[in-house]
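Student: Here it is: the structure, laid out below.
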Amino acid sequence: MSAPHRTANVPSLARRVVYATVRLVGLLILFVAIPLGVLNVLAAHGIQPPLSLVTVSAVGVLLAIVGAAGTLLRPTQAYGPVAFAGATLLFVYLVTLARNGVLTVGLGNRATVHLGYGNAILLIAVIPVLTAIACVFTTWEDLRKPGERLPFDYPP
């Protein structure tokens, strides 16, 4: 006996555009506004950021756009590769931050304090690695059996 056919309750394109727009705004706040605010506060106290504000902004905008695109494309076969690209970009960004993960603070009279945060960022970078692995399996599943994951992503 075969399993009953399940249908997916895929949101309309208009609804997915709204979700993607809301996610884009949230990701812009998370990846651009907050880091720029922190870097500006550090710069105001004489602490030089490890990456330029332009780099942080550009990568943050790119991460936000890819994340929003993933939301929009989730019911399509393009979702896996787009989500993989976003996870890979985030991993490279986090590893770059971890490589430069030493904060030097001058205390006057030639005294300095070095704060290392690179290892903590490397621990966080495990998340996009696991996400990228999941995206490979999602892409593979979409190629082998198109639409099979949709009832699980969008239950009836």
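When we follow my numbering, the leftmost residue of the sequence shown carries the number -7, and every step to the right adds one.
Where is the CB? At the ideal position from N, CA and C, for every residue including glycine.
Over the uninterrupted beta strand (DSSP E) stretch that includes L99, give me the two end residues.
Tutor: Translated into the one-based positions of the sequence shown, residue 99 becomes position 107. That run of the beta strand (DSSP E) goes V94 to G100.
Student: Between the alpha carbons of G59 and N101, how many angstroms are there, rounded?
Tutor: Against the sequence shown, residue 59 aligns to sequence position 67. Against the sequence shown, residue 101 aligns to sequence position 109. Cα-Cα distance, rounded: 46 Å.
Student: Suppose you measure from the CA of I39 to the CA of P27; what does that come to, to the nearest Å?
Tutor: Position 47 of the sequence shown, counting from 1, holds the residue named residue 39. Position 35 of the sequence shown, counting from 1, holds the residue named residue 27. When rounded, the distance between both Cα atoms is 14 Å.
Student: Can you grab the Cα-Cα spacing for the pair L122 / L20, in whole Å?
Tutor: As a position in the sequence shown, residue 122 is number 130, starting the count at 1. As a position in the sequence shown, residue 20 is number 28, starting the count at 1. About 23 Å.
Student: Enumerated in chain order, which unbroken segments of the alpha helix (DSSP H) with a length of 4 residues or greater are wholly contained in the segment -2 to 43?
Tutor: 5 to 20 and 26 to 36, all fully within the segment -2 to 43.
Student: Where P138 and T131 are concerned, what is the direct C-alpha to C-alpha distance, given to the nearest angstrom?
Tutor: Counting from one through the sequence shown, the residue named residue 138 turns up at place 146. Counting from one through the sequence shown, the residue named residue 131 turns up at place 139. When rounded, the distance between both Cα atoms is 10 Å.
Student: Give the C-beta separation of F76 and V128 to the nearest angstrom, bearing in mind that I take them to be a contact with Cβ-Cβ under 8 Å.
Tutor: Here residue 76 refers to the residue found at position 84 of the sequence shown. Here residue 128 refers to the residue found at position 136 of the sequence shown. Sure, about 7 Å apart at Cβ, within 8 Å.
Student: Closest to R66 by CA distance: which of I116, P148, R8 and R136 is it?
Tutor: On the sequence shown, residue 66 is found 74 positions in, with the first residue counted as 1. Nearest C-alpha to R66: R8.
Student: Pull up the CB-CB distance for L95 and Y109, whole angstroms please, since I reckon it's below 8 Å.
Tutor: For the purposes of this step, residue 95 is identified with residue 103 of the sequence shown, where counting begins at 1. For the purposes of this step, residue 109 is identified with residue 117 of the sequence shown, where counting begins at 1. That belief holds up - the Cβ atoms of L95 and Y109 are roughly 7 Å apart, short of 8 Å.
Student: In this structure, how does DSSP classify G139 when only helix, strand and coil are distinguished?
Tutor: The count along the sequence shown starts at 1 and reaches residue 139 at position 147. If DSSP states are grouped into helix, strand and coil, G139 belongs with coil.
Student: Residues bridged to G108 by DSSP?
Tutor: Here residue 108 corresponds to residue number 116 of the sequence shown, with the count starting at 1. G108 pairs with V94.
Student: Can you tell me whether A117 is helix, strand or coil according to DSSP?
Tutor: By 1-based counting over the sequence shown, the position of residue 117 is 125. Here A117 sits in coil by DSSP.
Student: Which residue from I57, L89, H106 and R91 puts its Cα closest to that of V97?
Tutor: As a first step, residue 97 must be located in the sequence shown, where it is residue number 105. Closest by alpha carbon: H106.
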